[in-house]
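Visitor:
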Amino acid sequence: MGSVRKVVYTVGFWIRETGQALDRLGCRLQGNYGFQEQLSRHRTLMNLVDKAPNVHKDVFVAPSAALVGDVKVGHGSSIWYGCVLRGDVNSITVGSGTNIQDHTLVHVAKTKVSRSALPTIIGSNVTIGHSALLHGCTIDDEAFVGMGATLLDGVVVEKNAMVAAGALVTPDTRIPSGEVWGGNPARFLRKLTDEEIAFFAQSASNYANLARTHFTENAKGLDESEAEKLFRKKFSGQSNDYNPYAGVREILPEQVVPEAATRGPQ
0 MGSVRKVVYT VGFWIRETGQ ALDRLGCRLQ GNYGFQEQLS RHRTLMNLVD
50 KAPNVHKDVF VAPSAALVGD VKVGHGSSIW YGCVLRGDVN SITVGSGTNI
100 QDHTLVHVAK TKVSRSALPT IIGSNVTIGH SALLHGCTID DEAFVGMGAT
150 LLDGVVVEKN AMVAAGALVT PDTRIPSGEV WGGNPARFLR KLTDEEIAFF
200 AQSASNYANL ARTHFTENAK GLDESEAEKL FRKKFSGQSN DYNPYAGVRE
250 ILPEQVVPEA ATRGPQ
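FYI, numbering that gives the first Met the number 0 numbers position 66 of the sequence shown as 65, with every residue one higher than the one before it.
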C-alpha cells in the first residue's frame, strides 16, 4: 500500500476509534438518561454457557457466518457466508469435506411429541446448497441437498440421495440411497444416474478447493491484499491463462508476489 493511502487509512481508523470513545463518554455523563446503541460485535464462533464450538483448524468459516454452542465441524469442511449453525438446545455435527453454502440455517430440536430431542447430523462430503434450512435431521455421507430446500425434524437423507432445490421434506421422512425427492411436500421423483451420484463427490471436492482460496484470502491483512492486487494487475493483460474471477490459473515464478511487497513499508 502506498504511503499516502496508509496514512489516510490510519487517520480514518483513529477517527472511528475516537468517535466510539466519545460516544461512551457521553453516555456516562448522561447517566440514567442516556441512550446507548449497542455496537455489533459479531463473532464467528460463540460459546453458549458451557457449550463451545469445536472446529478443526483447517475449516473455512466465513467472516459473516455464526457457529453457536454445541457445534462440531470436521477437517476440510466449509461454512460459507451468512450461515448460522445454532447448537443451543442440542448438538450439531458436521463431518469432513462437507460444504454448507451461503445463508443456510442449521438448528436442532429440543422437544418433539413422538420422541426425545433431536440433534442435526451431517456426514462427510455432503453438499448443502445455498439458503437451505435443516432442523433436527440426519444427512448421510455424500448426499446432496439442493438450494432452498427445507428438511424438518426426524428426516433422514441416506448416502448418495438427493433433495431437489426448493423441496419441503416433512418430518420423519426417509429418502433412500440413489433417489431424488422434490416438491412440497417432497415425494419420490426418480432414480439418480451413476453420473449424478459421481457428481456428489466431485461437488464436495470442488467446494473444498474453493474454500482453501477463500480461507487464504480472508487470512490476509490489508497491506498484503493491496500489494497483491497491484502485483496481479500487472499480469492481467499479459497472460492468456488469467481469469479475473480466480486469478492466474498457473502462477509462474516471475508472478510470485515478493515477500517484501506484502510487508509494505517498514
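The beta-carbon is built from N, C-alpha and C at its ideal position, and this holds for glycine as well.
#1: Identify the continuous alpha helix (DSSP H) that holds K5 and give its terminal residues.
#2: Does S77 come out as helix, strand or coil in the three-state DSSP assignment?
#3: Count the other C-beta atoms from every protein chain shown that fall within 10 angstroms of the C-beta of D140, then say buried if there are 16 or more, exposed otherwise.
#4: Name, in chain order, the residues that DSSP records as bridge partners for F198.
#5: Tell me whether the region 92-101 and the region 61-75 touch, counting them as touching only if at least three CB pairs, one residue from each stretch, are closer than 8 Å.
#6: Give me whichever residues DSSP pairs with N53 in a beta bridge.
#7: Taking H129 as the reference, give the member of L229, Y206, K228, P118 with the closest Cα.
#8: Take L47 as the anchor and find which of G11, K56, R85, S77 has the nearest alpha-carbon.
#9: Please name the residue in P175, P184, A203, S202 whose C-alpha comes closest to that of L191.
#10: List the whole-angstrom C-beta distance separating A148 from A131, where the pair is believed to meet the contact cut-off of C-beta under 8 Å.
#11: What is the DSSP secondary structure of T215, reduced to helix, strand or coil?
#12: Suppose you measure from the CA of V105 to the CA of S2; what does that come to, to the nearest Å?
#13: Identify every run of the beta strand (DSSP E) within the region 112-183, keeping only runs that are complete inside it and at least 3 residues long; order them along the chain.
#14: Would T103 and V125 qualify as a contact pair, given that the criterion is a beta-carbon distance under 7 Å?
#15: Bridge partners of L47, per DSSP?
#16: Between the Cα of L133 and those of N159, V60, S123, T169, spot the shortest distance and give me the residue it belongs to.
#17: By the 10 Å Cβ neighbour count, where 16 or more other Cβ atoms means buried, how is D152 classified, buried or exposed?
#18: Nearest to S77 by CA position, among D87, H55, G68, is which residue?
#19: Who are G220's beta bridge partners in DSSP?
#20: Since M45 and V60 should fall inside the 8 Å C-beta cutoff, what is the C-beta to C-beta distance between them, to a whole number of angstroms?
#21: Do A185 and A166 have their CB atoms nearer than 7 Å?
#22: Taking the C-alpha atoms as reference points, what is the distance between C82 and A65?
#23: Return the chain-ordered list of same chain residues with a C-beta closer than 8 Å to the C-beta of N89, the five sequence neighbours on each side being excluded.
#24: Select from I121, E195, N183 the residue whose C-alpha is nearest the C-alpha of G177.
#25: Within the same chain, show all residues whose beta-carbon is closer than 6 Å to that of T261, passing over the 5 residues directly before and after it, in chain order.
#26: Nearest-angstrom Cα distance between L150 and F198?
#27: Bridge partners for T92 per DSSP, in chain order?
Guide: On the basis of the coordinates in this document:
#1: For K5, the enclosing alpha helix (DSSP H) has its first and last residue at 2-29.
#2: strand
#3: buried
#4: Per DSSP, none; premise fails for F198.
#5: yes
#6: Residue pairing by DSSP places N53 opposite K71 in a beta bridge.
#7: Y206
#8: R85
#9: P175
#10: 5 Å
#11: helix
#12: Separation of V105 and S2 (C-alpha to C-alpha, rounded to the nearest whole angstrom) is 45 Å.
#13: 119-121, 132-134, 178-181
#14: no
#15: Bridge partners of L47: K50.
#16: T169
#17: So D152 ends up on the buried side.
#18: H55
#19: Note: G220 sits in no beta bridge, so no partner.
#20: 11 Å between Cβ atoms; not a contact.
#21: yes
#22: Using only the alpha carbons, I get a separation of about 6 Å.
#23: When the five nearest sequence neighbours on each side are left out, the beta carbons in the same chain lying within less than 8 Å of the beta carbon of N89 are those of D69, V107, A108, K109, A116, L117, P118, T119, G135, in order along the chain.
#24: If we check each option's Cα against that of G177, E195 comes out closest.
#25: For T261, the predicted model reports a pLDDT of 41, less than 50, meaning its position is unreliable; a value from the coordinates is still stated below. Same-chain partners within the cutoff: E223, A226.
#26: 22 Å
#27: Paired residues: K71, I120.
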